[in-house]
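First the structure, in the form of structure tokens, and then the observations on it.
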Amino acid sequence: MLGNMYQRLGDEHSASPSSAGPFRSTWGRGIYSDSGFASNSHAEGGQVGTDLWANGNWRTGAYTGYLTGGSGNSTSYLGAYATWKDASGLYVDGVLQGGRRRYGDSSLAVSVEVGKPFALSQDWSVEPQAQLAYQDHGSGWTGRLGGRVKGDFITGAGRLQPYVSMNVYDNNTDAETVASSTRWGAAVGATLSLTSATKLYGEVGALRNVAGDSIAKSSIQGSLGMKTHW
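So that you can map any letter, position 225 of the sequence shown is 358 in my numbering, and since no number is skipped, the others follow by simple counting.
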């Protein structure tokens, strides 16, 4: 559920959220993952949120969501986010999230993410990214280092912003029997502007252990969302 900023919100046209005025967004997305355990465990759910305040380079909001596992156990989430982004595209995104399982135990997660795009040509850019997240329910500290290559094109269906991302994840946890401490991930995604105020966005990716004879060899994750500006 925590994910990253682009999985949560998709892309914007402009480098700065304030360049077209302090608009706010309401958004929602569906989520699916298959963890690749021997039991073929999977999870599916949804997440909806809205910006509560936007002014200049800042944007803050809140969301709620749920995930249901293959065993039928479900978790409900409530989170808040704050994003700062300047005219160059440099951004810092912070998320605080609480979760509660159906059978009563709770979880807390926090994430800080930073990235900046650099133009390769008129239509393409590369964006290095780094993220540090903490989850107190099994995952511990997770660091992500990587980035993406993104395009920006006008098509007959609307403005299309496709991307390919590559990342390395390092997990500092004692749960080494469940997943290797180091994983790599690859994903493809896009944001399509249906109108000037409505966008469709999604991503499909895979995670795989770099080393170690763990139960979870790989996992597949995907999400599809829509947002509107107001």
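Glycine included, C-beta positions come from ideal geometry on N, C-alpha and C.
Bear in mind that the values here come from a model prediction, so they are computed numbers and not experimental data.
Put simply, the backbone Cα of residue 239 is about 14 Å away from that of residue 198. Remark: C-beta atoms of residue 337 and residue 315 do not approach each other more closely than 7 Å. Rounded to whole angstroms, the separation of the alpha carbons of residue 206 and residue 323 is 31 Å. DSSP, read as helix, strand or coil, puts residue 236 in coil. In this model, residue 319 and residue 257 are separated by some 18 Å (Cα to Cα). Under DSSP, residue 217 takes part in a beta bridge, and its partners are 191 and 225. Under the DSSP assignment, residue 293 falls in the beta strand (DSSP E) whose first and last residues are 291–305. Less than 7 Å separates the beta-carbon of residue 260 from that of residue 248. Along the region 249–279, the beta strand (DSSP E) occurs as fully enclosed runs of 3 or more residues at 257–268, listed in sequence order. In the DSSP assignment, residue 135 falls outside any beta strand (DSSP E) and carries neither an H nor an E. In the three-state reduction of the DSSP assignment, residue 141 falls in the helix class. Take the alpha-carbon of residue 164 and the one of residue 357: they are about 7 Å apart. In this structure, the straight-line span from the alpha carbon of residue 290 to that of residue 159 is close to 22 Å. Counting only residues of its own chain and dropping the five nearest sequence neighbours on each side, residue 340 has a CB closer than 6 Å to the CB of 316, 318 and 352. If the five residues before and after residue 276 are omitted, its C-beta is found closer than 6 Å to the C-beta atoms of 265 and 303, all from its own chain and listed in chain order. Residue 181 sits in a strand when the DSSP states are folded into three classes. Around the C-beta of residue 329, fewer than 16 other C-beta atoms lie within 10 Å, and the residue is accordingly described as exposed. Taking residue 168 as the centre and dropping the five residues before and after it, the same chain places the C-beta of 174, 175, 176, 349 and 352 closer than 8 Å to its C-beta, in chain order. Shortest Cα-Cα distance from residue 178 to any of 295, 267 and 135 involves 135. In this structure, DSSP gives residue 356 an extended state, which the three-state scheme calls strand. Of the candidates 246, 220 and 195, the residue whose Cα lies closest to the Cα of residue 145 is 220.
Note: residue 343 is not bridge-paired with any residue in the DSSP secondary-structure output.
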